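First to last, the sequence lines map onto chains B and D.
Under my numbering, think of the first position of the first sequence as 111, with each following residue one higher.
Under my numbering, think of the first position of the second sequence as 834, with each following residue one higher.
For glycine and all other residues, C-beta sits at the position ideal for the given N, C-alpha and C.
Remember, predicted model here, so these are calculated numbers, not experimental data.
Below you'll find the structure, written out as structure tokens, and then a few comments.
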Amino acid sequence: MAPMKVYGWAVSPWMARALVCLEEAGAEYEIVPMSRCGGDHRQPEHLARNPFGEIPVLEDGELTLYQSRAIARYVLRKYKPELLRDGDLEGSAMVDQWLEVEAHHVEPTLWPIIRHCIIGQYVGRARDQGVVDENLAKLRKVLEVYEARLSMSKYLAGDDVTAADLCHFGFMRYFMATEYAGVVDANPHVKAWWDMLLARPSVQKVMAGMPPDFGYASGNIP
Amino acid sequence: MGMKVYGPAASTNVARVLVCLEEVDAEYELVHVDMPSGEHKNPEHLVRNPFGQVPAFQDGELILTESRAIAKYVLRKGGSQLLRECNLSESAVVNVWLEVEAAHFNSAMSPIIFQCFVVPMVMGGTPDMKIVEENLNKLKKALEVYEARLSKFKYLVGDFFSLADLSHFPTAYYLLGGPHASVIDAYPHVKAWIADIMARPSVKKVTELMKMPSV
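Right, here's the structure in full:
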């Protein structure tokens, strides 16, 4: 069986979402590195794989998939369906719910903060503190919900880790490298949950390819 | 106690859940939440949806939020084939286009709907045309991809209808009913696909609910 291929740059938080799930799944895969600054994702060769011109893209034999959460779901469904609580009507609904919560309440709040507080300085964009503050305010409210939830169960969808927890990794990794990590740390159950995720071998492995500055300072511009 | 959906039918996210309940012929109760008066921020609603949004959903002891998660639960419980979970590859492509719907279609339509419907009709204000134009441009870029896809296949995932198609209905409804409906004229396969979705009995039933004035 040929290994799966994942196209993209490893420093991407979206790529990281897919890679963590591939690692958890124990799947055989290889990364096909692409250059963001070189515009590889806008080339016809890539548009043939993903007409939206984005990464990551997964190839598994004849199947080509994009959108990091769809890739995550496929890989886990194939190799570790318990991480989706597949076959458990209520359990799978809880996993789906928290995957959606991450998509609508967490990623869109963390990404502007990461862009302004980490990336901006390397791409000649002045930080807009107003945008940062607006999203920090949203994040504080979202974390109240997470703190309440994680006070009741060890992980988001129950007492075992699932795709819902894993899919938070990429964006959390970079947010926790900003000066605002304390906003998460102020919520003890969220902090404990994050520490548990960090301790997972899959997370450690993927994180090794994600320097906190996206590689800019060392000249490895993504 | 049967299934309950909390929220106004006119909300795109509530409608997404309702249409799935209709697809599986489920018995359910729609409990209206009056958003203009802030009912969605009341303690009673926050117990069901701690983000203070709609829909919230209840089935016995189970309480769920997030319309796409609720939709999947309802379809699975009702034994629907719209998720194609009997087939690993097909279900994966359903999930791809469900994500595309959220990331590329809904993300552009949501601000357009807010500016063209909510701002004038609920808030008594004037639409911000800069926001509308910016998002219409994003929408057109996405529609180019949809047009290419739907020129190859009858539906987004292939030749079978799925939740990926159905999930577009609430925002497509507002696109058709708003001042920018003509945007889809340049994309004939998209236009035909939307018409096909809108013709489904489940969709027709829910659009009637969406049009009803809230009591």
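Simplified DSSP state of residue i, which is helix, strand or coil
| i | result |
| --- | --- |
| Val1048 of chain D | The predicted model places Val1048 of chain D with a pLDDT of 44, which falls under 50 and marks its position as unreliable; any figure quoted below should be read in that light. DSSP places Val1048 of chain D in coil when its eight states are reduced to three. |
| Gln231 of chain B | helix |
| Gln153 of chain B | coil |
| Leu186 of chain B | helix |
| Leu194 of chain B | helix |
| Ile331 of chain B | coil |
| Met144 of chain B | coil |
| Met114 of chain B | strand |
| Gly1010 of chain D | helix |
| Glu856 of chain D | helix |
| Asp1029 of chain D | helix |
| Ile165 of chain B | coil |
| Met868 of chain D | coil |
| Pro222 of chain B | helix |
| Leu253 of chain B | helix |
| Met262 of chain B | coil |
| Asn160 of chain B | coil |
| Cys131 of chain B | helix |
| Pro876 of chain D | helix |
Beta carbon of residue i nearer than 9 Å to that of residue j
| i | j | result |
| --- | --- | --- |
| Glu932 of chain D | Ala180 of chain B | yes |
| Pro876 of chain D | Thr898 of chain D | no |
| Val211 of chain B | Ala137 of chain B | no |
| Val880 of chain D | Val847 of chain D | no |
| Tyr988 of chain D | Tyr1020 of chain D | no |
| Phe279 of chain B | Arg127 of chain B | yes |
| Pro161 of chain B | Ser178 of chain B | no |
| Gly163 of chain B | His156 of chain B | yes |
| Leu996 of chain D | Ala904 of chain D | yes |
| Glu192 of chain B | Pro311 of chain B | no |
| Trp304 of chain B | Met286 of chain B | yes |
| Ala975 of chain D | Arg187 of chain B | no |
| Ala941 of chain D | Leu916 of chain D | no |
| Glu855 of chain D | Ser1035 of chain D | yes |
| Trp930 of chain D | Val990 of chain D | yes |
| Ala120 of chain B | Pro154 of chain B | no |
| Pro869 of chain D | Val955 of chain D | yes |
| Gly911 of chain D | Ala859 of chain D | yes |
| Met317 of chain B | Tyr265 of chain B | no |
| Leu863 of chain D | Gly835 of chain D | no |
| Met1031 of chain D | Tyr1006 of chain D | yes |
Under 8 Å by beta carbon: chain D residues contacting residue i
| i | result |
| --- | --- |
| Lys115 of chain B | The contacting residues do not exist; Lys115 of chain B stays about 15 Å from chain D at best. |
| Phe279 of chain B | Under the 8 Å cutoff, chain D gives no residues; its nearest Cβ is about 17 Å from Phe279 of chain B. |
| Lys190 of chain B | The contacting residues do not exist; Lys190 of chain B stays about 13 Å from chain D at best. |
| His215 of chain B | Phe884 |
| Ala258 of chain B | Pro883 |
| Leu193 of chain B | In chain order: nothing, as chain D lies at least about 15 Å away. |
Partners in chain B for residue i, counting only beta-carbon separations shorter than 7 Å
| i | result |
| --- | --- |
| Leu897 of chain D | Ala203, Gln207 |
| Lys910 of chain D | Leu199 |
| Val847 of chain D | Ordered by position in chain B, no residue passes the 7 Å Cβ test against Val847 of chain D, which lies about 15 Å from the chain. |
| Leu921 of chain D | Arg187, Lys188 |
Under 9 Å by beta carbon: chain B residues contacting residue i
| i | result |
| --- | --- |
| Tyr906 of chain D | Leu199, Glu200, Ser202, Ala203, Asp206, Gln207 |
| Ala842 of chain D | Within chain B, no residue comes near Ala842 of chain D; the closest Cβ sits about 20 Å away, beyond 9 Å. |
| Leu915 of chain D | By Cβ distance, chain B contributes nothing, its closest Cβ being about 15 Å from Leu915 of chain D, past 9 Å. |
Amino acids of chain B, ordered along the chain, whose beta-carbon sits closer than 8 Å to that of residue i
| i | result |
| --- | --- |
| Gly901 of chain D | Residue identity differs from the one stated: residue 901 of chain D is Arg in this sequence, not Gly. Within 8 Å Cβ-Cβ: Asp206, Glu210. |
| Ala981 of chain D | Pro161 |
| His937 of chain D | Phe162 |
| Val978 of chain D | Pro161, Phe162 |
Residues bridged to residue i [DSSP beta-bridge criterion]
| i | result |
| --- | --- |
| Ala889 of chain D | D:Tyr839, D:Thr898 |
| Leu863 of chain D | D:Val838 |
| Asp170 of chain B | B:Leu173 |
| Tyr139 of chain B | B:Met114 |
9 Å Cβ cut-off: residues of chain D touching residue i
| i | result |
| --- | --- |
| Ala180 of chain B | Ala925, Val926, Val927, Asn928, Val929, Trp930, Leu931, Glu932, Val933 |
| Val255 of chain B | Pro883, Phe884 |
| Leu220 of chain B | Neighbours of Leu220 of chain B on chain D: none; closest Cβ ~16 Å, over 9 Å. |
| Leu249 of chain B | What Leu249 of chain B touches in chain D: nothing, since even the nearest Cβ is about 13 Å away. |
Within chain D, partners of residue i - CB distance below 7 Å
| i | result |
| --- | --- |
| Tyr176 of chain B | Val929 |
| His151 of chain B | Ordered by position in chain D, no residue passes the 7 Å Cβ test against His151 of chain B, which lies about 14 Å from the chain. |
| Leu246 of chain B | Going along chain D, no residue has its Cβ under 7 Å from Leu246 of chain B, so there is no contact; the nearest lies around 17 Å. |
| Arg310 of chain B | Within 7 Å Cβ-Cβ: nothing; Arg310 of chain B doesn't reach chain D, min ~23 Å. |
beta-carbon residue i near the ligand MG non-hydrogen atom, thresh 8 Å
| i | result |
| --- | --- |
| Gly957 of chain D | This structure lacks the ligand MG, and indeed carries no ligand of any kind. |
Closer than 9 Å to chain C by CB, residue i
| i | result |
| --- | --- |
| Asp858 of chain D | Absent from the structure is chain C; the protein chains it does hold are B and D. |
Unbroken stretches of the alpha helix (DSSP H), 4 residues or longer, contained in the region 927-1003 of chain D: Counting whole runs of 4 or more residues, the region 927-1003 of chain D contains the alpha helix (DSSP H) stretches 940-946, 962-985, 996-999.
Length at least 4, wholly inside the region 265-325 of chain B: the alpha helix (DSSP H) runs in chain order: Complete alpha helix (DSSP H) runs here, min 4: 273-276, 279-285, 291-295, 298-308, 311-317.
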